[in-house]
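**Student:** One point on numbering: in our numbering, the residue at position 41 of the sequence shown is 47, and numbering is uninterrupted. Ideal placement from N, C-alpha and C gives every residue a C-beta, glycine not left out. Since this is a predicted model, take the numbers as computed values, not measurements.
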Amino acid sequence: MGKTALVTGASRGIGRAVAQKLAEAGYNLWLTCRNSGQELFRVQEWLQEAYGVECGPVICDMGDYQSVCRLFEGIGQLDVLVNNAGISYIGLLSQMEPEQWQRVMDTNLNSLFYACRLAVPLMLARQSGRIVNISSVWGNVGASMEVAYSASKAGVNGFTKALAKELAPSHISVNAVACGVIDTEMNKCFNKEERQALQEEIPADRFGRPEEVAELVLQVINAPEYMTGQIITIDGGWY
7 MGKTALVTGA
17 SRGIGRAVAQ
27 KLAEAGYNLW
37 LTCRNSGQEL
47 FRVQEWLQEA
57 YGVECGPVIC
67 DMGDYQSVCR
77 LFEGIGQLDV
87 LVNNAGISYI
97 GLLSQMEPEQ
107 WQRVMDTNLN
117 SLFYACRLAV
127 PLMLARQSGR
137 IVNISSVWGN
147 VGASMEVAYS
157 ASKAGVNGFT
167 KALAKELAPS
177 HISVNAVACG
187 VIDTEMNKCF
197 NKEERQALQE
207 EIPADRFGRP
217 EEVAELVLQV
227 INAPEYMTGQ
237 IITIDGGWY
């Protein structure tokens, strides 16, 4: 039986690139998204045809525990979990509604608890597994106008370090990849002038590509088991 990975938020951007990289490596896949069903099914068809792997697309709100429970009803084996699903909110904290704050926390942080709570028993049964959480440099340093997003990603980092210690005796590694500015739909909210100003702050003088993050994620998955609890930054030298 081949290895199986679950990638959340896989219809586009970093999640899609990670799914492709894992398919290239021969992983059978479970892929989720919350709203972009047609895109997700296109990704499924493409990966199955291009790489000959089994691919199960599931429309799932990873920030809703009952939805995640239904997802895991179909998963019998899991070797790798990539927690990528995420949303952002840009605006003053004083103008943010409590419902908007909760949505960011549900999607970016609570989703890790829900997915890991159900994935870990599958990994414990085999005494092996890899969990990679997609974080952000804002989880390390914080960003004005992105308080909720920064707080959620700081939570991802703390979650990663703590769970790594809990699971290390069971040969399950837990790490996070903290991204700088990656050229995805999430950053399409910036206009041309804002994107140029942001790019000028980055020593590499460009935004990162989803494929670069995916390559790093695969390297983390393939790293020695002894590497766990790490927050690995990919940001072009920005922070």
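Is Val126 near Val183, with beta carbons less than 8 Å apart?
**Tutor:** Not closer than 8 Å, so no.
**Student:** Measure the alpha-carbon distance for Leu53 versus Val59 and round it to whole angstroms.
**Tutor:** Approximately 7 Å, taken between the alpha carbons.
**Student:** On the CB-based measure, 16 or more other CB atoms within 10 Å of its CB, does Asp67 come out buried or exposed?
**Tutor:** That one is buried.
**Student:** How far does the beta strand (DSSP E) with Val187 in it extend, from its first residue to its last?
**Tutor:** Taken as a continuous stretch (DSSP letters only), Val187 belongs to no beta strand (DSSP E), as it is neither H nor E.
**Student:** Would you mind sorting Ser134 into buried or exposed? The rule is 16 or more other CB atoms within 10 Å of its CB.
**Tutor:** Ser134 is exposed by the Cβ-count criterion.
**Student:** For Gln83 versus Thr10, is the C-beta spacing smaller than 8 Å?
**Tutor:** Yes. Within cutoff.
**Student:** Could you say which of Val143, Ala121, Leu98 and Leu118 lies nearest to Ile238 if we only look at CA atoms?
**Tutor:** Out of Val143, Ala121, Leu98 and Leu118, Val143 has the C-alpha closest to the C-alpha of Ile238.
**Student:** Rank Val110, Gln205 and Gly235 by C-alpha distance to the C-alpha of Asp241 and give the top, closest one.
**Tutor:** Here the closest residue by C-alpha is Gln205.
**Student:** Should Leu115 be labelled buried (16 or more other beta-carbon atoms within 10 Å of its own) or exposed?
**Tutor:** Counting Cβ neighbours within 10 Å, Leu115 comes out buried, since at least 16 surround it.
**Student:** Along the chain, where does the beta strand (DSSP E) that runs through Val88 open and close?
**Tutor:** Looking at the DSSP string, the run of the beta strand (DSSP E) that includes Val88 is Val86 to Asn89.
**Student:** Which first and last residues belong to the beta strand (DSSP E) in which Asn114 is found?
**Tutor:** It is not in any beta strand (DSSP E) - Asn114 carries neither H nor E in the DSSP assignment.
**Student:** According to DSSP, is Pro230 helix, strand or coil?
**Tutor:** If DSSP states are grouped into helix, strand and coil, Pro230 belongs with coil.
**Student:** Do you know whose CA, among Asn89, Arg215, Gly164 and Thr234, lies nearest Ser176's CA?
**Tutor:** Considering only alpha carbons, the answer is Thr234.
**Student:** Touch check for the stretch 164-175 and the stretch 210-225: three-plus C-beta pairs under 8 Å?
**Tutor:** Not touching, per the Cβ criterion.
**Student:** With distance defined between alpha-carbon atoms, name the residue in Cys122, Asn90 and Tyr57 nearest to Gln26.
**Tutor:** It is Tyr57 whose Cα lies nearest to the Cα of Gln26.
**Student:** Name the two residues that bound the continuous alpha helix (DSSP H) containing Ala29.
**Tutor:** From DSSP, the alpha helix (DSSP H) with Ala29 extends over Gly19 to Glu30.
**Student:** Roughly how many whole angstroms lie between the Cα atoms of Asn163 and Glu51?
**Tutor:** Taking the straight line joining both Cα atoms gives about 33 Å.
**Student:** Can you tell me whether Val147 is helix, strand or coil according to DSSP?
**Tutor:** Here Val147 sits in helix by DSSP.
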